[in-house]
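Protein chains in written order, with this note's numbering: chain P, 92 to 296; chain D, 92 to 296; chain C, 92 to 296; chain X, 92 to 296.
4 protein chains.
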Amino acid sequence: MARRLTPRGEQRRNELMGFATARFAANGYHSTSVAELVDGLGVGKGVFYWYFDSKEELFIEILRDGERALRRAQWEAIGDESVPLARLELAIRSSMDWWSSHRDLYVLIEFARTEASFASSIRKGERVALADTQKLVQEAIDTGAIPDRNAVVVAQAVLGVSSILARTQLLGRKRPASDVADEVIDFCRHGLVGSPTDGRAQRTA
Amino acid sequence: MARRLTPRGEQRRNELMGFATARFAANGYHSTSVAELVDGLGVGKGVFYWYFDSKEELFIEILRDGERALRRAQWEAIGDESVPLARLELAIRSSMDWWSSHRDLYVLIEFARTEASFASSIRKGERVALADTQKLVQEAIDTGAIPDRNAVVVAQAVLGVSSILARTQLLGRKRPASDVADEVIDFCRHGLVGSPTDGRAQRTA
Amino acid sequence: MARRLTPRGEQRRNELMGFATARFAANGYHSTSVAELVDGLGVGKGVFYWYFDSKEELFIEILRDGERALRRAQWEAIGDESVPLARLELAIRSSMDWWSSHRDLYVLIEFARTEASFASSIRKGERVALADTQKLVQEAIDTGAIPDRNAVVVAQAVLGVSSILARTQLLGRKRPASDVADEVIDFCRHGLVGSPTDGRAQRTA
Amino acid sequence: MARRLTPRGEQRRNELMGFATARFAANGYHSTSVAELVDGLGVGKGVFYWYFDSKEELFIEILRDGERALRRAQWEAIGDESVPLARLELAIRSSMDWWSSHRDLYVLIEFARTEASFASSIRKGERVALADTQKLVQEAIDTGAIPDRNAVVVAQAVLGVSSILARTQLLGRKRPASDVADEVIDFCRHGLVGSPTDGRAQRTA
DNA sequence: CATGAATGAGCGTTCATTCAT
DNA sequence: CATGAATGAACGCTCATTCAT
Numbered sequence: 092m093a094r095r096l097t098p099r100g101e102q103r104r105n106e107l108m109g110f111a112t113a114r115f116a117a118n119g120y121h122s123t124s125v126a127e128l129v130d131g132l133g134v135g136k137g138v139f140y141w142y143f144d145s146k147e148e149l150f151i152e153i154l155r156d157g158e159r160a161l162r163r164a165q166w167e168a169i170g171d172e173s174v175p176l177a178r179l180e181l182a183i184r185s186s187m188d189w190w191s192s193h194r195d196l197y198v199l200i201e202f203a204r205t206e207a208s209f210a211s212s213i214r215k216g217e218r219v220a221l222a223d224t225q226k227l228v229q230e231a232i233d234t235g236a237i238p239d240r241n242a243v244v245v246a247q248a249v250l251g252v253s254s255i256l257a258r259t260q261l262l263g264r265k266r267p268a269s270d271v272a273d274e275v276i277d278f279c280r281h282g283l284v285g286s287p288t289d290g291r292a293q294r295t296a
Numbered sequence: 092m093a094r095r096l097t098p099r100g101e102q103r104r105n106e107l108m109g110f111a112t113a114r115f116a117a118n119g120y121h122s123t124s125v126a127e128l129v130d131g132l133g134v135g136k137g138v139f140y141w142y143f144d145s146k147e148e149l150f151i152e153i154l155r156d157g158e159r160a161l162r163r164a165q166w167e168a169i170g171d172e173s174v175p176l177a178r179l180e181l182a183i184r185s186s187m188d189w190w191s192s193h194r195d196l197y198v199l200i201e202f203a204r205t206e207a208s209f210a211s212s213i214r215k216g217e218r219v220a221l222a223d224t225q226k227l228v229q230e231a232i233d234t235g236a237i238p239d240r241n242a243v244v245v246a247q248a249v250l251g252v253s254s255i256l257a258r259t260q261l262l263g264r265k266r267p268a269s270d271v272a273d274e275v276i277d278f279c280r281h282g283l284v285g286s287p288t289d290g291r292a293q294r295t296a
Numbered sequence: 092m093a094r095r096l097t098p099r100g101e102q103r104r105n106e107l108m109g110f111a112t113a114r115f116a117a118n119g120y121h122s123t124s125v126a127e128l129v130d131g132l133g134v135g136k137g138v139f140y141w142y143f144d145s146k147e148e149l150f151i152e153i154l155r156d157g158e159r160a161l162r163r164a165q166w167e168a169i170g171d172e173s174v175p176l177a178r179l180e181l182a183i184r185s186s187m188d189w190w191s192s193h194r195d196l197y198v199l200i201e202f203a204r205t206e207a208s209f210a211s212s213i214r215k216g217e218r219v220a221l222a223d224t225q226k227l228v229q230e231a232i233d234t235g236a237i238p239d240r241n242a243v244v245v246a247q248a249v250l251g252v253s254s255i256l257a258r259t260q261l262l263g264r265k266r267p268a269s270d271v272a273d274e275v276i277d278f279c280r281h282g283l284v285g286s287p288t289d290g291r292a293q294r295t296a
Numbered sequence: 092m093a094r095r096l097t098p099r100g101e102q103r104r105n106e107l108m109g110f111a112t113a114r115f116a117a118n119g120y121h122s123t124s125v126a127e128l129v130d131g132l133g134v135g136k137g138v139f140y141w142y143f144d145s146k147e148e149l150f151i152e153i154l155r156d157g158e159r160a161l162r163r164a165q166w167e168a169i170g171d172e173s174v175p176l177a178r179l180e181l182a183i184r185s186s187m188d189w190w191s192s193h194r195d196l197y198v199l200i201e202f203a204r205t206e207a208s209f210a211s212s213i214r215k216g217e218r219v220a221l222a223d224t225q226k227l228v229q230e231a232i233d234t235g236a237i238p239d240r241n242a243v244v245v246a247q248a249v250l251g252v253s254s255i256l257a258r259t260q261l262l263g264r265k266r267p268a269s270d271v272a273d274e275v276i277d278f279c280r281h282g283l284v285g286s287p288t289d290g291r292a293q294r295t296a
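Next up, the structure:
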């Protein structure tokens, strides 16, 4: 699309994206019709197609916006921290924070992964997230903070733990982001058999 | 439904479920029409509605069958092994094996989780899987094999690592199930900072 | 589409084509909605798409059926007549007869020529008609019945005269096919300045 | 509409008509949206509706302008030639010239004839063209240059030959207007069996 | 004069489900 | 048991036209 928009147009577009995000997350992408979106905002159908080429394009835009925002949040959280493991930890904490205030996006991404039309969009985002995590892991390996491993696989494992605890504990049980982050970090650090000496106190080490 | 079926009917039903599993996994549930299913098998539409009340019911049956089969495979794999950590490891290995030969099911479950109509079906299966894993973890805690933790959270973390490496390494990269299982177990045992002494050789310890 | 149809299905399909031909001719292709067609026959919308892939496909089928039928009528009319000019004349007469009882088709073909989506369908029919006519002209040239000319151009001119008089006299003024055929043949034989000798061709003078 | 326009307004209107003519001819009237027209000229929608009441009105204006221009070209070509048959020939030649440099209009007129909303506009133009041709034919009959015939029918036949050769040879094969005009005139003079005496008319033999 | 956001009726098409045969 | 024709609500989308700015 890439239409040049007036400020008012920009606002309308954001309104549409926000409302759609909520409806898609609550009702599902397929079960949410364009009619439902425009009716919900009290505008005509044409409005939708003035701002988006299709329902699919809207969804992809939502995804892209979300992925960008999460990544930005992570970079800002890491800031100028220089200790590799601490950087990884900050990244994990910031994503938990971000997901806890963007629950809808989590749902949408999970869905998008199951739909061929969104696969390419999703794969791209996943590659970026993996590359970011892998880099943090590799730094830790290079400085000897963690034993030498396959950084890709380890990065994926970290993302897996984050992802499932975000889903079950954060979104499902609505527990505080920082508590869940503690658990993710604890498990990622020591696994099952490792012996955390004092758990929490160690967490920013 | 729960219709009493002749042996031939039973076979027809299985044919339908098998074909549907493949089509749903390849094309998506929504994009696969009932017409496509019956045409693909060269039968009339009536056949479908003789064996299933609806497309939705068919999908739920597929899910239930799959979950049952996976669970059975795990119990058989654990057998009469009595060391808690070894039991957990056998469970992980057997699920990797199972997913590697039931890739379609993995795809279907990921999708089902995103669809309100299948949520209850999925939640039930997940609760069972979690309870099973949690029990294995708790046994390990009770025998002192692993430090005392929140067994639920830890069990979820284990499932998360399994799940994501199954998706990326097993389904995505089509690597051997046993290699991926090694990686899952390694990460789950020691996390990032733990020091595996020789990895592979340890794996049945 | 090419669905295998039961006799009843065949009948339905014909009903749809017949009704659509009439509506398209009367109201225009674009102004006639699929809804209008199925409502007019008192059936559900699905019926239409059971028999045709799209509105466009239906139209193309109508065209093809018509072209085939006209061509068959011409071949039957020519029969075993062996004098070249007489063969050409029989072809002209039979097309006039055919158009006079298939006025709708004439309208549809004129429209189809103006629409990119039907162009290929139409061009094919026109090539066939031109080739047929050209062959008849060439035979007449070969036997010396008419002077040597560019058979293609002459064939096109004959078709042009036929076409315009069919449109204006036959369809517009609803004059008898045989009268219009006389005029076409008269003009094609002698042009403007030639002096028709036989009574038949002169009768509208 | 009939708005009084400033010179700049007049230019804008012509720009719109010219662009629309090209787009309609290339893409079809129905497939060319008002949005496409104004976007193509880089102006807003308001501009369009300032100069034209509707898309339909624009099209009718294009038609009328074209018909007027063709007629003017013919009258100028005939000039003060006094021999009836020569006048007819000049008219034919000039229309071929005109169509060869206004191919878009030809396409538009063919389309307009198939659309009820433009029928009246087209019929009027055709009546004028027929009347003009008929008058030329009648003059030739009156002076004995051609045998007595039904001038209307003969005029239509002449228009038919002109029309189809314009379409197939001029627009389709892009041959020179004068060559095609020769063929039209040749066929109209002598028909199929007549024997053309002069060299010019024979040149495509 | 000009912009471009907004309207909304209407379109072609899909598809889970039903049911006469 | 099985067929396949039929249903019809619902969908994504288009576009000529209007009008506040």
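Ideal placement from N, C-alpha and C gives every residue a C-beta, glycine not left out.
Q260/D - containing alpha helix (DSSP H), residue span: From DSSP, Q260/D is part of no alpha helix (DSSP H); its letter is neither H nor E.
Proximity below 8 Å, CB of L154/D to CB of S212/D: yes
Residue range of the unbroken alpha helix (DSSP H) whose run includes P175/X: P175 to S192
Proximity to L96/D [Cα-Cα], best of D156/D, L181/D, V138/D and T234/D: V138/D
R280/D - DSSP class collapsed to helix/strand/coil: helix
Y197/C, DSSP secondary structure in three states: helix
Beta-carbon proximity check, H121/P vs H121/D, cutoff 8 Å: yes
Proximity test, Cβ basis, 8 Å: F202/P and chain D: So yes, F202/P belongs to the interface.
Below-8 Å beta-carbon distance, I213/P vs any chain D residue: no
Three-state secondary structure (DSSP) of V134/C: Of the three classes helix, strand and coil, the one that applies to V134/C here is coil, per DSSP.
Residues within the segment 104-119 of chain D neighbouring chain P, beta-carbon criterion of under 7 Å: G119
Cβ contact (3+ pairs, closer than 8 Å) linking the segment 183-200 of chain P and the segment 102-114 of chain P: A contact exists between the segment 183-200 of chain P and the segment 102-114 of chain P.
Which of helix, strand or coil DSSP assigns to A93/C: coil
Amino acids of chain C, ordered along the chain, whose beta-carbon sits closer than 9 Å to that of L256/X: Simply V244, Q247, A248 and G251.
C-beta atoms of L132/X and E106/X nearer than 8 Å: yes
Interface flag, E274/D vs chain P, CB-CB below 8 Å: yes
Beta-carbon neighbours of A207/D, restricted to chain P and to distances below 8 Å: Within chain P, the residues near A207/D are N118, G119 and S122.
A164/D versus V174/D, A220/D and E152/D, residue with shortest Cα-Cα distance: A220/D
Same chain, Cβ closer than 8 Å to S186/C, neighbours up to 5 away in sequence not counted: L161, A164, Q165, S253 and A257
Nearest to A236/C (by Cα), restricted to the options E167/C, P175/C and K146/C: P175/C
Inter-stretch contact (C-beta, 8 Å, three-pair minimum) for the segment 220-231 of chain D and the segment 240-249 of chain D: yes
Assumed close pair W190/C, L261/C - CB separation to whole angstroms, cut-off 8 Å: Correct: roughly 6 Å between the Cβ atoms.
Nonlocal neighbours in the same chain, by C-beta distance under 7 Å from A242/D, ignoring five residues either side: Q225, V228, Q229 and I232
CB of L181/D within 8 Å of CB of A168/D, strictly: yes
Beta carbon proximity, G216/X to chain C, threshold 8 Å: no
Cβ shell of M108/X (< 6 Å), same chain only, five flanking positions each side left out: For M108/X, where only same-chain residues beyond five positions count, the Cβ hits under 6 Å are I153.
Member of A117/C, G119/C, G135/C and F143/C whose CA lies at the smallest distance from the CA of E101/C: F143/C
Cross-chain neighbours of T259/D in chain P, by beta carbon under 8 Å: Q247
Chain X within 8 Å of A292/C, Cβ atoms only: Annotation note: pLDDT 39 at A292/C (below 50); position unreliable, coordinate value reported separately. So no, A292/C is outside the interface.
Q209/P vs I151/P beta-carbon contact at 8 Å: Rather than Gln, the amino acid found at residue 209/P in this sequence is Phe. In this structure, I151/P lies closer than 8 Å to F209/P by Cβ.
Residues of its chain near V271/D, where Cβ-Cβ distance is below 6 Å and the 5 sequence neighbours each way are ignored: M187, L256, Q260 and L261
Beta-carbon spacing of T205/D, T123/P below 8 Å: no
G157/P, buried or exposed, once every other Cβ within 10 Å from all chains shown has been counted against 16: buried
Whole-number beta carbon distance between V275/X and I183/X, since they are thought to touch under 8 Å: With a beta-carbon spacing of about 6 Å, I183/X and V275/X fall inside the 8 Å limit used to define contacts.
C-alpha gap between Y140/D and P98/D, whole angstroms: 18 Å
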